[in-house]
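Numbering (this note's numbering), first residue to last: 348 to 550.
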């Protein structure tokens, strides 16, 4: 690899943490470019050429420009993982299971968690939001707990990029989903101990 990758991210929290974590796991050299939204750095013509929406994260790998964190992670695991953090394409069933979790993490889990933080003002709205959060967390527990009660990671083959996606998203619902829930508490503890996650300052 002759040229480093370039990761464009907001100067504060955004979805680049999962990409940075994966890059650290893969030991792929990269350069961070932190942009200040308030300073208009995401609206410059130069950045809009990379990401027409003026959003982050964006990855540049040579002449390839990618945005959407799940798409970036799928690419990186395939391009640089050599079958270590993503199932190989010759095993269609394993690949499908892996892809399911990658897509579910952002398409379902993260979307619902984002809704949990909807601003409410009246006591009635707060009560309804709290009830919604608890209900959704129970559904997610039904999905995740049976798997993580019997294996360390979401795929039986071991740690993968799917765990990076989940691990970066689940803390957003810690109060409802993780706290007091042994399978998820143990799962998150394992992920938080990973050296790559520590280097990437995910948690």
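Heads up, the beta-carbon is just placed ideally off N, CA and C, and yes, glycines get one too.
With 16 other Cβ atoms within 10 Å as the buried cut-off, status of residue 365
One-based indexing of the chain shown puts residue 365 at position 18. It is buried - the Cβ of residue 365 has at least 16 other Cβ atoms within 10 Å.
Per DSSP, residue 357 is paired with what?
Within the chain shown, numbered from 1, the residue matching residue 357 stands at position 10. DSSP lists 382 as partners of residue 357.
Backbone secondary structure at residue 410 - three-state DSSP:
Start at 1 with the first residue of the chain shown, and residue 410 comes out as number 63. Three-state result, residue 410: coil.
By alpha-carbon positions, which one of 385, 410, 395 ends up nearest to residue 551?
Any property of residue 551 remains undetermined from this structure, which presents the chain solely from 348 to 550.
Cα separation between residue 416 and residue 375?
Here residue 416 corresponds to residue number 69 of the chain shown, with the count starting at 1. Here residue 375 corresponds to residue number 28 of the chain shown, with the count starting at 1. Rounded to whole angstroms, residue 416 to residue 375 spans 17 Å at the Cα level.
With a threshold of 16 other CB atoms inside 10 Å of the CB of residue 399, please say whether the residue is buried or exposed.
Here the question's residue 399 lines up with position 52 in the chain shown. It counts as exposed.
Since residue 421 and residue 449 should fall inside the 8 Å C-beta cutoff, what is the C-beta to C-beta distance between them, to a whole number of angstroms?
Along the chain shown, read from residue 1 onward, the residue named residue 421 stands at position 74. Along the chain shown, read from residue 1 onward, the residue named residue 449 stands at position 102. Sure, about 6 Å apart at Cβ, within 8 Å.
Which of the three DSSP states, helix, strand or coil, is assigned to residue 465?
Here the question's residue 465 lines up with position 118 in the chain shown. Here residue 465 sits in coil by DSSP.
With a CB to CB cut of under 8 Å and the five nearest residues on each side skipped, what residues in its chain are close to residue 463?
The count along the chain shown starts at 1 and reaches residue 463 at position 116. Scanning its chain for C-beta atoms nearer than 8 Å, with the 5 sequence neighbours on each side dropped, one finds around residue 463 the residues 476, 479, 480, 483, 519, 520, 523, in chain order.
Residue 371: buried (16+ other C-beta within 10 angstroms of its C-beta) or exposed?
Residue mapping note: residue 371 aligns to position 24 of the chain shown, counting from 1. Result: buried.
What did DSSP end up calling residue 405 once you bin it into helix, strand or coil?
Within the chain shown, numbered from 1, the residue matching residue 405 stands at position 58. Of the three classes helix, strand and coil, the one that applies to residue 405 here is strand, per DSSP.
Would you list the residues sitting across from residue 352 in a DSSP beta bridge?
As a first step, residue 352 must be located in the chain shown, where it is residue number 5. Per DSSP, 377.
Pairing CB atoms from the segment 429–447 with CB atoms from the segment 376–387, are three or more of them under 8 Å?
no
Reference residue 515; option with closest CA among 543, 527, 377
Position 168 of the chain shown, counted from the start, is the residue given in the question as residue 515. Minimum Cα distance to residue 515 is reached at 543.
DSSP three-state label for residue 549, please.
Indexing the chain shown from 1 puts residue 549 at position 202. Three-state result, residue 549: coil.
Let me know if residue 457 comes out buried or exposed under the rule of 16 or more other beta-carbons within 10 Å of its beta-carbon.
The count along the chain shown starts at 1 and reaches residue 457 at position 110. When all chains shown are included, residue 457 counts as buried.
Taking 7 Å as the cut-off, decide whether the C-beta atoms of residue 390 and residue 354 are in contact.
Counted from its first residue, the chain shown places residue 390 at position 43. Counted from its first residue, the chain shown places residue 354 at position 7. Not a contact, by the Cβ cut-off of 7 Å.
Label residue 465 either buried or exposed according to how many other C-beta atoms from any shown protein chain fall within 10 Å of its C-beta, with 16 as the threshold for buried.
Here residue 465 is taken as the residue at index 118 of the chain shown, counted from 1. The residue in question, residue 465, is exposed, as its Cβ has fewer than 16 Cβ neighbours within 10 Å.
Please classify residue 359 as buried or exposed, where buried requires at least 16 neighbouring CB atoms within 10 angstroms.
Taking the chain shown and counting its residues from 1, the one referred to as residue 359 is at position 12. Answer is exposed; the Cβ neighbour count stays below 16.
Euclidean distance between Cα positions of residue 499 and residue 509
Counted from its first residue, the chain shown places residue 499 at position 152. Counted from its first residue, the chain shown places residue 509 at position 162. In a straight line, the C-alpha of residue 499 is about 13 Å away from that of residue 509.
Assuming contact is defined by CB atoms lying nearer than 7 Å, are residue 495 and residue 445 in contact in what I supplied?
The residue labelled residue 495 in the question sits at position 148 within the chain shown. The residue labelled residue 445 in the question sits at position 98 within the chain shown. No, these two residues do not count as a Cβ contact at 7 Å.
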